[in-house]
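Just below is one structure, and these are the notes that go with it.
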Amino acid sequence: LAASVGNTRSIEHPVDDSEINVIGTLRVLEAARSLGVRKVVFSSSAGIFGELKFLPIREDHPVEPDSPYGASKLAAEKMCLAYSKLYELEAVALRYFNVYGVNQRYDAYGNCIPIFAHRMLRGETVTIFGDGEQTRDFVNVRDVARANLLASEARGVSGAFNVASATSITINRLVELMSEASGLRPEVVYGPPRKGDVRHSRADITAAHASLGFEPSVGMTEGLAEYMMWAKAEMGGAGR
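First residue of the sequence shown: -16, per my numbering; consecutive thereafter.
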């Protein structure tokens, strides 16, 4: 789970990104091999796909990452699968889509949900990069945790699997849902699209369901209400 995360950070610090994500993963794999560990579950990313050719995104979608982050995650994922073939080690790569949820703290390089929440609760302007009609597949951290447990317990299973909600919403709609969940009405402004951001995203999770028994259970409305309540408490009741 430890990694250098985010397209923007990787564009600014590409060497650090690869040293952490690729070399760091290799060290974990080598330690697992030398200690006789039977299974490694790797946190990969939908960032490996790059600009999408079709939706929903299956695991066999072409991988053409357009950021150092996506490239480093793909390299680390391939290393995991190579170890799985060469050594007595099962390796599962979970390709997370846009993960959000309680305990996800504000980070200027991170997921847009904590960034939006932070600004909304402080009464600040929310900035959307692009026209806001780009779509994302948001998956709650509770579902991601469940996917990791299922992957760790599945015997005889190796390979890469999408972990997502299999639904998508626009960023404009996301801000509306966060406003409804919090009772806040932020001013929204639009900026130029960011480098490395894809236009649309929605996963096919058929393979994860078939091989791991994965099924997301936390809806967006429930997950956002839970997150906004937590974020407000973390910020000392800001936004009341």
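All C-beta atoms, glycine included, are put in the ideal place defined by N, C-alpha and C.
Values in this document were obtained by computation on a predicted structure and should not be read as measured data.
Residues near Ile31 in its chain [Cβ-Cβ closer than 6 Å; skip 5 each side]: For this step, residue 31 is matched to residue 48 along the sequence shown. Excluding sequence neighbours, Ile31 sits near Val46, Pro48, Gly53, Lys56 and Leu57.
Going by CA-CA distance only, name the one from Glu209, Asp180, Asp43 and Ile3 that's closest to Gly142. Reading the sequence shown from its first residue, position 159 is the one you call residue 142. Among Glu209, Asp180, Asp43 and Ile3, the Cα nearest to that of Gly142 is on Asp43.
Take Leu35 and list the residues in its own chain whose beta-carbon comes closer than 8 Å to its own, dropping the five residues that flank it on each side. For this step, residue 35 is matched to residue 52 along the sequence shown. Excluding positions up to five away in sequence, the list reads His44, Val181, Arg182, His183 and Ser184.
When DSSP labels each residue in this structure, what does Phe144 get in the three-state scheme? As a first step, residue 144 is located in the sequence shown; it is residue number 161 there, counting from the start. Strand at Phe144.
Closest by C-alpha distance to Ala76, when choosing among Pro39, Glu159, Glu2 and Leu(-16): Here residue 76 refers to the residue found at position 93 of the sequence shown. Closest option to Ala76, Cα to Cα, is Leu(-16).
Grab me the residues of Tyr66's own chain with a C-beta within less than 7 Å of its C-beta, minus the 5 sequence neighbours each way, in chain order. Counting from 1 along the sequence shown, the entry for residue 66 is found at position 83. Cβ neighbours of Tyr66 beyond the five flanking positions: Leu12, Arg16, Leu72 and Ala74.
Does the stretch 116 to 135 come close enough to the stretch 189 to 202 to have 3 or more Cβ pairs within less than 8 Å? yes
Length of the line joining the Cα atoms of Gly174 and Asn(-10): For the purposes of this step, residue 174 is taken as the residue at position 191 of the sequence shown. For the purposes of this step, residue -10 is taken as the residue at position 7 of the sequence shown. The alpha-carbon atoms of Gly174 and Asn(-10) are separated by roughly 17 Å.
CA nearest to the CA of Pro(-3), picked from Phe25, Pro51, Ile6 and Val20: To locate residue -3, count along the sequence shown from 1; it is residue 14. Comparing Cα-Cα distances from Pro(-3) to each of Phe25, Pro51, Ile6 and Val20, the minimum goes to Pro51.
Nearest CA to the CA of Ala164: which residue from Leu157, Ala208 and Pro176? Walking along the sequence shown from the start, residue 164 turns up at place 181. Put simply, of Leu157, Ala208 and Pro176 the residue whose alpha carbon is nearest the alpha carbon of Ala164 is Ala208.
Going by the CB atoms, is the gap between Leu195 and Val140 shorter than 8 Å? Locating residue 140 in the sequence shown gives position 157, counting from the first residue. Locating residue 195 in the sequence shown gives position 212, counting from the first residue. Contact: yes.
In the DSSP assignment, find the beta strand (DSSP E) that holds Phe25 and state where it starts and stops. Taking the sequence shown and counting its residues from 1, the one referred to as residue 25 is at position 42. Phe25 -> beta strand (DSSP E) spans Lys22 to Ser28.
When the Cα atoms are used, what is the spatial distance from Leu38 to Cys95? Here the question's residue 38 lines up with position 55 in the sequence shown. Here the question's residue 95 lines up with position 112 in the sequence shown. So the alpha carbons of these two residues sit roughly 22 Å apart.
Does Leu132 pass the burial test, meaning 16 or more other C-beta atoms within 10 Å, or should it be called exposed? For this step, residue 132 is matched to residue 149 along the sequence shown. By the neighbour-count rule (16 or more Cβ atoms within 10 Å), Leu132 is not buried but exposed.
What is the DSSP secondary structure of Ile96, reduced to helix, strand or coil? Along the sequence shown, read from residue 1 onward, the residue named residue 96 stands at position 113. The answer is helix: DSSP assigns Ile96 an H, G or I state.
Residue closest to Met161, alpha-carbon to alpha-carbon, out of Lys215, Lys178 and Asp114: The residue you call residue 161 lines up with position 178 of the sequence shown. Its Cα nearest to that of Met161, the residue Lys215 stands out among Lys215, Lys178 and Asp114.
With respect to the alpha helix (DSSP H) encompassing Asn131, which residues constitute its N-terminal and C-terminal limits? Taking the first residue of the sequence shown as position 1, residue 131 is located at position 148. Asn131 -> alpha helix (DSSP H) spans Val124 to Glu136.
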